[in-house]
Amino acid sequence: MLTEGGAIKLPAGCSTLHHEIELGIVIGSKCIKVSEEDVMSHVGGYLLALDMTARDFQDEAKKKGHPWTLAKGFDTSCPISSFIPKEQIADPHNIELWCSVNGIIKQKGCTKDMIFTLPSLISYISTYFTLDEGDIILTGTPAGVGPVKPGDIIEGGITGVIQMSFPVQS
Numbered sequence: 000m001l002t003e004g005g006a007i008k009l010p011a012g013c014s015t016l017h018h019e020i021e022l023g024i025v026i027g028s029k030c031i032k033v034s035e036e037d038v039m040s041h042v043g044g045y046l047l048a049l050d051m052t053a054r055d056f057q058d059e060a061k062k063k064g065h066p067w068t069l070a071k072g073f074d075t076s077c078p079i080s081s082f083i084p085k086e087q088i089a090d091p092h093n094i095e096l097w098c099s100v101n102g103i104i105k106q107k108g109c110t111k112d113m114i115f116t117l118p119s120l121i122s123y124i125s126t127y128f129t130l131d132e133g134d135i136i137l138t139g140t141p142a143g144v145g146p147v148k149p150g151d152i153i154e155g156g157i158t159g160v161i162q163m164s165f166p167v168q169s
C-alpha cells in the first residue's frame, strides 16, 4: 500500500491507468463467518483508498479469461489515507466520497447508494476468508472512473472527514 506523500507510478507497459475512489473498512478484530448483525462490532475504523487499475492489462486479461492480478495488484496500486477511527464517522452508510484529477471533480457519490451494505460485504467475505485485525476491505466506487497520466494530481476525500492527494508518475 501507498500512503500520502508517495507517488502513484504507472506499471511498466501500462498505457491506460484509471482511478477508483473507495471507502476502506479496517477490521478491528478477527472475523470468521460473522453474521450481518454482529459484523460492525468487528470494524476498527475506516480509510479512503484509490483502487488504481491498469485498464489495458485488465482488458487483455478479460479477453483471455485470466485473473486481473497484474491490473489491480501492481506496486502503488492502492494509495490510502491515514486511519480514520470508527468514532469519527457516525454513519458509514451515508457519507460522501469524491475524487478529482487536477482540480476537476471526476467522482462523487454517497455510500447509501452502494449496491451492498457494509455488513453484507463483511459477512459474505468472512464466510470464505478469515479477516484479521488490520485487514482492509474496499467497498466499491461511485460512477466517474477514468484515466490519469503522469503529471496528474489525484485528490480524494470523505466530505467533512478527510482529504488526500497523490501525484501520478511514469
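Quick note on numbering: the sequence shown equals residues 0 to 169 in numbering that gives the first Met the number 0.
We put the beta carbon where it would ideally sit given N, CA and C, even for glycine.
Residue i: first and last residue of the uninterrupted beta strand (DSSP E) it sits in
i	result
Ser-164	161–168
Lys-105	103–109
Leu-137	135–137
Glu-132	Run containing Glu-132: none; DSSP gives neither H nor E here.
Glu-154	152–157
Proximity below 8 Å, CB of residue i to CB of residue j
i	j	result
Trp-97	Ile-7	no
Thr-140	Asp-74	no
Pro-118	Met-39	yes
Lys-105	Gly-156	no
Thr-116	Ile-31	no
Cys-13	Phe-56	yes
Val-25	Ser-122	no
Pro-146	Thr-15	yes
Asn-93	Lys-107	no
Gly-5	Leu-137	no
Asn-101	Asp-151	yes
Beta-bridge partners of residue i, as assigned by DSSP
i	result
Ala-48	Glu-21 and Ile-79
Contact set for residue i: own chain, Cβ-Cβ below 6 Å, skip 5 residues either direction
i	result
Phe-165	Ile-7, Pro-78 and Ile-153
Glu-3	Met-163
Ser-76	Met-51
Ser-80	Leu-46, Leu-47, Ile-161 and Met-163
Residue i classed as buried or exposed, judged by whether at least 16 other C-beta atoms fall within 10 angstroms
i	result
Ser-125	buried
Tyr-127	exposed
Thr-158	exposed
His-41	buried
Delimiting residues of the alpha helix (DSSP H) encompassing residue i
i	result
Leu-117	117–127
Leu-69	68–71
Same chain, Cβ closer than 8 Å to residue i, neighbours up to 5 away in sequence not counted
i	result
Glu-132	Ile-26, Gly-27, Ser-28, Lys-29 and Gly-43
Residues near residue i in its chain [Cβ-Cβ closer than 7 Å; skip 5 each side]
i	result
Ser-99	Lys-105 and Glu-154
Pro-84	Gly-44
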